Amino acid sequence: MLKLAPARGFFAFIYYLLYVIHKKMKQKDLITLAVVIIALAGLLWWGRSNQTNGLPEPGTGKKSALIASETLYNFGTISMADGNVSTVFTVTNATDTDMLLSTVVTSCMCTTAYIEYAGKEKGPFGMPGHGGPVAKANEVIKAGESVGIKVVYDPNAHGPAGVGPVDRYIDLTEANGGMTRLEIKARVTP
Ligand SMILES: [Cu+2]
43 MLKLAPARGF FAFIYYLLYV IHKKMKQKDL ITLAVVIIAL AGLLWWGRSN
93 QTNGLPEPGT GKKSALIASE TLYNFGTISM ADGNVSTVFT VTNATDTDML
143 LSTVVTSCMC TTAYIEYAGK EKGPFGMPGH GGPVAKANEV IKAGESVGIK
193 VVYDPNAHGP AGVGPVDRYI DLTEANGGMT RLEIKARVTP
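Note that the numbering used here gives residue 50 to position 8 of the sequence shown, counting from 1, and the numbers run on in steps of one.
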């Protein structure tokens, strides 16, 4: 997919580099150089493939007013054939003042979230678009009250290539800058 294009360009560049150096170096030196470059490329590739989400790490912002009953849910092994899976996290405004939950964003388009509060459901909220505006949640959670954050994961969103372990984040951002990160994991089989 898209990620392949820069890699292909990278290897084309290495090939060109080797071709140029080839004319000026002895064969033994060339092999040493090739091994070093392949090792570096491998490290780079490994590092990139370990980046499983697109959201920035939570900052050292203000303390969150919300307390989550749990911050990680593991769906275990799920099958594409069975379709979407969902879970509900409970988050509580643990302060004695009302708070404003401004945004709910997810780290990938396969994951959506809904706010369940006072008998209503608001959403879906998903991954922020490419430079586009983030849909505001703007939900006031009263002092001491709890809301459900329903998270839906679509194992078919990435097509047949989407098998294997997945790790996704759901970030709840407050008007005062506080942030709560929820996380889902699963192992996807066809
Ligand atoms: Cu995804």
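Don't be surprised by glycine CBs; every beta carbon is placed ideally from N, CA and C.
The structure displayed is predicted, hence computed values, not measured ones.
Query                                                                                                                                                            : Result
In the structure shown, what three-state DSSP assignment does residue 207 receive?                                                                               : strand
Only counting the same chain, and skipping five residues up and downstream in sequence, which positions put a Cβ closer than 8 angstroms to that of residue 232? : 121, 122, 123, 202, 205
What's the C-alpha gap between residue 176 and residue 71?                                                                                                       : 53 angstroms
Helix, strand or coil for residue 192 per DSSP?                                                                                                                  : strand
If you draw a straight line from the C-alpha of residue 182 to the C-alpha of residue 214, how long is it?                                                       : 13 angstroms
Quick one: grab the DSSP three-state call for residue 92.                                                                                                        : Reliability fails at residue 92, whose pLDDT of 45 lies under 50, so the model's placement of it is uncertain and no value is given.
My output table needs one value for residue 140: the three-state DSSP class, helix, strand or coil.                                                              : coil
Which residue comes first and which comes last in the beta strand (DSSP E) that contains residue 181?                                                            : 178-183
Closer than 5 angstroms is what we want: which residues have a beta carbon that near any heavy atom of ligand 1? List them in chain order.                       : 150, 152
Residues in its own chain within less than 8 angstroms of residue 130 by CB, not counting five upstream and five downstream?                                     : 158, 190, 191, 192, 193
DSSP state of residue 113, grouped into three classes?                                                                                                           : coil
Pick from 152, 184, 147: whose alpha carbon is nearest that of residue 167?                                                                                      : 147
DSSP state of residue 164, grouped into three classes?                                                                                                           : strand
By a C-beta neighbour count over all protein chains shown, 10 Å radius and 16 as the cutoff for buried, is residue 139 buried or exposed?                        : exposed
By the DSSP assignment, the beta strand (DSSP E) with residue 225 in it spans what residues?                                                                     : 221-231
For residue 201, which of helix, strand or coil comes out of DSSP?                                                                                               : helix
Which residue's Cα is closest to the Cα of residue 223: 137, 160, 133?                                                                                           : 133
According to DSSP, is residue 123 part of a helix, a strand, or is it coil?                                                                                      : helix
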